[in-house]
Amino acid sequence: MSSQLFPFVVLTLLTSVLSGCVSMDSHGPPVTNPVFIRANNSEEAWEQTVDVVHDYLFEIERENKLGGVIETRYKTGASALEPWHPDSVGTANRLQSTLQSIRRKAFVHLTPAPGGYLVGVEAIKELEDVPRAAAFAGAATFLDNSPLQRDLDPVVGQATPSQWITQGRDNELEQAMLRSINKRLGR
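Encoded structure:
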């Protein structure tokens, strides 16, 4: 009887571990976007904000200290099997990134304000739109009624580049990043 129970126990443990990793959200009360940060040192505020962007494993594409803008490169959304990547915040986002090709890009704005800074985060989420020709098995079959044609330059992978469909802003990621910034710089 223990041999029949073993797969059930393993499946239950695996499900609980994965759901535990997937549901590690940055819970807390909603934070205003932009959030006010008290800081006297502009260099410290900037560096702490950059550290938060790096904590979410985004690569910075463009930094403009004078304009107060940090722009990241697109990052592929983390799946349920990548719990160490914190960019897919929440169970729904993690599941969506597991089942679909999702990418995210973040813009962080630091604006001087009396007594500190206003820090705003804008996270854009996009869904991959793979061309239809590569999406069905019929495109890979050979026709037997046409003469053999030799193609000396075969295309490996998909023939046309992917398109991306904007899904709007990722509010959960924005809130998580704002909470992290508020935690680091909030006094």
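Heads up: the sequence shown begins at 1302 in our numbering, then just goes up one per residue.
Cβ coordinates follow ideal geometry from the N, Cα and C atoms, glycine included.
Just so we're clear, the structure is a prediction, and the values are computed from it rather than from any experiment.
### Message
Taking 6 Å as the limit between beta carbons, can you name the residues of its chain near N1341, skipping five residues before and five after?
### Response
Excluding positions up to five away in sequence, the list is empty.
### Proximity to K1366 [Cα-Cα], best of P1384, D1356, H1355 and E1345
E1345
### Proximity below 7 Å, CB of A1424 to CB of E1475
yes
### Query
Under the three-state reduction of DSSP, which class applies to K1366: helix, strand or coil?
coil
### Query
To the nearest angstrom, how far is it from the Cα of A1381 to the Cα of P1415?
42 Å
#### Entry: Buried/exposed call for G1369, threshold 16 Cβ in 10 Å
buried
### Message
For a test of the three-state rule: what should DSSP assign to A1346, helix, strand or coil?
### Response
In this structure, A1346 counts as helix in the three-state DSSP scheme.
### Task
Find out if the Cβ-Cβ distance for the pair V1353, S1481 is shorter than 7 Å.
Result yes, Cβ atoms of V1353 and S1481 sit closer than 7 Å.
### Query
Nearest to V1409 by CA position, among G1487, L1428, E1427 and Y1357, is which residue?
The candidate whose alpha carbon is nearest that of V1409 is Y1357.
### Task
Report the three-state DSSP secondary structure of V1431 (helix, strand or coil).
If DSSP states are grouped into helix, strand and coil, V1431 belongs with coil.
### Message
Considering Cα atoms alone, identify which of E1372, R1374, L1400 and V1420 is closest to L1486.
### Response
Comparing Cα-Cα distances from L1486 to each of E1372, R1374, L1400 and V1420, the minimum goes to V1420.
### Task
Flag this pair as yes or no: are the beta carbons of N1483 and V1351 separated by less than 7 Å?
no
### Query
Would T1373 be called buried (16 or more neighbouring beta carbons within 10 Å of its own) or exposed?
Here T1373 is buried. Its C-beta has 16 or more other C-beta atoms within 10 Å.
### Query
Should A1393 go down as buried or exposed, given a rule of 16 or more other Cβ atoms within 10 Å for buried?
exposed
### Query
Just the Cα atoms here: how many angstroms apart are R1363 and E1348?
14 Å
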